[in-house]
Amino acid sequence: MGAALSGLKTTQRGLDVVSANIANSQTIGYTRKSLTVEPIVSGSYTTGVQVSDVRRELDLYLQKQLRIETGGAAYASQRASSLNSLQRIFGTPGGALSLDTAVNDFSSALDALATSPEDQSAQAKVIAQAQALAQSLNSASRDVQSLRSDADGKIGDGVATANEALKQIETLTDQIRAADARGESTSDLEDLRDAQIDTLSALMDVRVDDVGNGGVRIKTGAGLTLFDESGRATLSFNRAGSISPDMTREGGELSGITITRPSGQSVDLLAAGQLRSGSLKALAELRDETLPQAQAQLDEIAANLAQALGTNVIKGDAITGGVDLTTENASPGDRLSVTYSSGGVTRSVTIVNVTDSSQLPLDDGLTSDPNDTVIGIDFNSPTAAADLDAALQARGVAIDVAASSKGFSFTSGDPALTITDGASRITATELTGDGLALPVFTDAGAPYSGSLDGGSQRTGFAGRITVNPDLVVDPAKLTAYAADTGASDAARPEFLRDALKADRSFALDSGLGGASRPFTGSISEFTQGIISQQASASASASRISEGQSLVVSTLTDKFSEASGVDVDQEMGNLIQLQTAYGANARVVTAVKEMMDLLLRI
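Residue numbers (this note's numbering): 3 to 603.
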């Protein structure tokens, strides 16, 4: 009788498990449960059966792989979505609203003006196309910064989600340990904890270890502990709200993700490189790397537009053993360049007018020429010539510098070094009387010279570029470069046309070209290049995301096969349990009948 009753009780428990499995067959995160039974032994005899545990049918290897790939998929998906939005900002090559179309329309307007410089409608068309181009750059810059702000906000949301997941993991672990101490099943609680760990794995790469007694240890892929027996870590992040191009994490304007352990130890996950996958890593990369480079590309277009049209290139005067370069009317950011031959290699020196000493020394990477030495100096300093001479000697360039009536003279007494050329690049600030160059585009109304004083003027320039308001009022200045310029004089229109189409070397931080071969071409070609690059990056990210999603889908199906509920299998188990229940019940009935018979004797 005891054996039969224990069988009924065990079978009833099995029916409970089967009914729970069937009810949760579509519940995400639920794993199939099964009974572990063992005999009840009294002395040397088996007297019944009992449930020793309710076990989760869990493939730990698949679960581990699924979490790893989930982090990768979240990273790839977030990146693909953001790059697709970025690609729409730049447009498609040749598209009606793309940046290269705006540049080409402006170029076509200059072509028409060069043909008919006296034509007022042609002048008006140049102004209109210049304004359309400036507005396109303004809009693109705003949209890029909007994407950065959106990424920053999503990082904040992700940090809040991670903190809540860690809090739930801590609570559930306490409940699991308490239930385990009471001898109760913990499988359902473990399912709930695994669901929170899965949420965490989509945000960042995690590694989970079982430490026994119902506990787990959770670390980042790089080994930083998020949760263990000592408690949970807390993540903190400060949302920036609106973001401007000059705001960076390195500069302190944007927040990192700080993790604080129960001991009080804090680490910046972004600065320490602790994140290797997950949506948080993708968002941080977008905010701090990908989108700033996109902004730099826009700023490079804007800067080259302003400088190509608004810079007078004044060839140096040849003197004995060198060249004399003018610095008259130089603005901060204007440059002198000296080309020389040494050891059979052609090299150059670029001297930048910098009045803010806090920006010195300058890095050679300021220009795209790998054979260029860059030096910053205040052209108007009383000791400028001596300071420049000392700076060149310190850099190992055997060129002597002296003050001249116009600016600086550069000579060489070293027979192994020959100065071959030199030029001054001076920003035009006036519409007339300042050479053929014309400040068509300005920095919110002020001249653009690429100044480095107080930080790079180029940073965020695409968002501030405007057509010179004085030129909008008087479009005739597109032709009249001097007081006595004739209405049909094509000198300035031809200069503007040729300057826009001329080949230029573009900054390395634009992402086109490389240190050994910087991108060289017209502004239109550069614009087409970055549009094609953005389109290619978006397409590549989408392919990677699709591939990663397929991997996760495949692993999810395999995990479901191994650990999910198969209703057909559960129905088969139900029939077996019904049969076993009936058999045990028949034993009880037989015993009762035997007892009744015995009592009637």
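Glycine included, C-beta positions come from ideal geometry on N, C-alpha and C.
Straight-line measurement puts the Cα of glutamine 170 at about 23 Å from the Cα of glutamate 71. The C-beta distance from proline 477 to glutamine 125 rounds to 4 Å, short enough to fall under 8 Å.
In the DSSP assignment, glutamate 40 falls within the unbroken beta strand (DSSP E) covering 35 to 44.
With 16 or more other Cβ atoms inside 10 Å of its own Cβ, lysine 479 counts as buried. Rounded to the nearest whole angstrom, the C-alpha separation of leucine 327 and proline 119 is 32 Å. DSSP, reduced to helix, strand and coil, places phenylalanine 108 within a helical segment of the structure shown. Separation of serine 518 and proline 95 (C-alpha to C-alpha, rounded to the nearest whole angstrom) is 27 Å. Around the beta carbon of lysine 127, 16 or more other beta carbons lie within 10 angstroms, which makes this residue buried.
For alanine 489, the number of other beta carbons within 10 angstroms of its own is below 16, and it is reported as exposed. In terms of Cα proximity to glycine 447, the closest of Ala308, Asp290, Asn240, Lys156 is Ala308. Only exposed fits proline 363, as fewer than 16 other CB atoms lie within 10 angstroms of its CB.
Out of Asp486, Leu473, Thr322, the CA that lies nearest to the CA of aspartate 402 is found in Thr322. For phenylalanine 412, DSSP records a beta bridge to Val325, Val403.
Secondary structure of tyrosine 450 (DSSP, three-state): coil. Relative to the Cα of alanine 493, the nearest Cα in the group Asn586, Asp366, Leu10, Thr117 belongs to Thr117. Cβ neighbours of threonine 48 within its own chain (closer than 8 Å, five residues either side excluded): Ala5, Pro41, Ile42. The C-beta separation of glutamine 295 from aspartate 511 comes to about 7 Å, placing the pair in contact by the 8 Å criterion. Beta-bridge partners assigned by DSSP to phenylalanine 229: Ile220, Arg234. Within the DSSP bridge table, the entry for phenylalanine 463 names no partner.
Under the 10 Å beta carbon count, alanine 504 is surrounded by fewer than 16 other beta carbons and is classified as exposed.
By the neighbour-count criterion, in which 16 or more other beta carbons inside 10 Å mark a residue as buried, isoleucine 178 falls on the buried side. Taking 9 Å as the cut-off, the Cβ atoms of glycine 9 and alanine 585 count as close. If you look at arginine 427, you'll find it in the beta strand (DSSP E) that goes 419 to 429.
In the pairwise beta carbon analysis, the segment 265 to 273 is classified as not touching the segment 59 to 74: fewer than three pairs are separated by under 8 Å. Contact between isoleucine 377 and isoleucine 353 holds, with the beta-carbon distance rounding to 5 Å and staying under 8 Å. For alanine 482, the CB contacts under 7 Å within the same chain, skipping 5 residues up- and downstream, are Thr434 in chain order. Note on geometry: alpha-carbon atoms of glutamate 287 and arginine 81 lie some 9 Å from one another. Beyond the five residues adjoining it in sequence on each side, aspartate 290 comes within less than 6 Å, by CB distance, of Arg251 in the same chain, given in chain order.
In the structure shown, isoleucine 259 adopts coil according to DSSP, grouped into three states. Judged by their CB atoms, phenylalanine 521 and alanine 439 are not nearer to each other than the 9 Å cut-off.
With contacts defined by Cβ atoms closer than 9 Å, glycine 465 and serine 143 form a contacting pair.
Judged by DSSP secondary structure, leucine 277 falls outside any beta strand (DSSP E); it is assigned neither H nor E. When rounded, the separation of the alpha-carbon atoms in glutamate 231 and glycine 216 is 10 Å. With the rule of 3 Cβ pairs closer than 8 Å, the segment 334 to 352 counts as touching the segment 411 to 423.
Collapsing the DSSP output to three states places arginine 337 in a strand. Spatial neighbours of glutamine 67 in its own chain (CB-CB distance under 7 Å, excluding positions within 5 residues in sequence) are listed in chain order as Leu557.
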